[in-house]
Amino acid sequence: SQKIEQNSEALNIQEGKTATLTCNYTNYSPAYLQWYRQDPGRGPVFLLLIRENEKEKRKERLKVTFDTTLKQSLFHITASQPADSATYLCALDGPGNTGKLIFGQGTTLQVKP
Amino acid sequence: DAGVTQSPTHLIKTRGQQVTLRCSPKSGHDTVSWYQQALGQGPQFIFQYYEEEERQRGNFPDRFSGHQFPNYSSELNVNALLLGDSALYLCASSGGQDLNEKLFFGSGTQLSVL
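Note that the protein sequences, when read in sequence, are chains E and Y.
With the numbering used here as the guide, the letters of the first sequence map in order to residues 1 to 113.
With the numbering used here as the guide, the letters of the second sequence map in order to residues 114 to 227.
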């Protein structure tokens, strides 16, 4: 079955720097990969979706890359702000592209002023 | 335009009891999925409903059951509660004018089983 690995350790960075989060998967290549943001006590919020035929996607200060050879996605937040502090979840579609999402355990980002 | 709403927000039950959680999808969405999120973990897929039928199911026992109503709202039922069922239960909706793959989550129901 598909396994997703995200850095379990929290990532601490200084305001203004670029945060880079990693998502690795082990099995089949998904049709797409998504990134969500989750704040304590709240549900995840969709950020970006990247499809298997796309190398890179951008939205404002966010950038996602998808390397199907390495089975890896990188999620970047440029010019980070304390308000970016949250847990970031990587999610892949289940086999057969049926809309079932498989989530990683998330990486907590702390941006210090 | 209301997003996904879930009720109740918090619930405390004892082992062996039964619980029903409720979800109203975002306006225009017709598909509802339920996820269980243990502390420090990512959400785990329970099942998905579309057109009042269970379309997909994750690796959860039959104690977990659901329902979707004609207005697309949904319920998650858990019977014979175990301590290990303590978690945040998330409802997500999709469909309509939004990307089918993009999920909109509610804030969840925090279930504690004592």
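Note that beta-carbon positions come from the ideal geometry of N, C-alpha and C, so glycine has one too.
Burial state of residue i, where buried means 16 or more other Cβ atoms lie within 10 Å
i: residue 142 of chain Y; result: buried
i: residue 134 of chain Y; result: buried
i: residue 196 of chain Y; result: exposed
i: residue 93 of chain E; result: buried
i: residue 189 of chain Y; result: buried
i: residue 187 of chain Y; result: buried
i: residue 16 of chain E; result: exposed
The beta strand (DSSP E) enclosing residue i, as first and last residue numbers
i: residue 18 of chain E; result: Neither: residue 18 of chain E is in no beta strand (DSSP E) and is coded neither H nor E.
i: residue 137 of chain Y; result: 132 to 137
i: residue 179 of chain Y; result: 177 to 181
i: residue 163 of chain Y; result: 157 to 163
Distance, residue j Cα to residue i Cα
i: residue 90 of chain E; j: residue 41 of chain E; result: 18 Å
i: residue 167 of chain Y; j: residue 115 of chain Y; result: 24 Å
i: residue 198 of chain Y; j: residue 12 of chain E; result: 32 Å
Three-way DSSP call (helix, strand, coil) for residue i in this model
i: residue 197 of chain Y; result: helix
i: residue 83 of chain E; result: helix
i: residue 190 of chain Y; result: strand
i: residue 1 of chain E; result: coil
i: residue 151 of chain Y; result: coil
i: residue 69 of chain E; result: coil
i: residue 123 of chain Y; result: strand
Residues of the segment 152 to 181 of chain Y with a CB closer than 8 Å to any CB of chain E: list them in chain order, please.
153, 154, 155, 156, 157, 158, 161, 168, 169, 171
The segment 178 to 203 of chain Y: positions lying closer than 7 Å to chain E by Cβ
203
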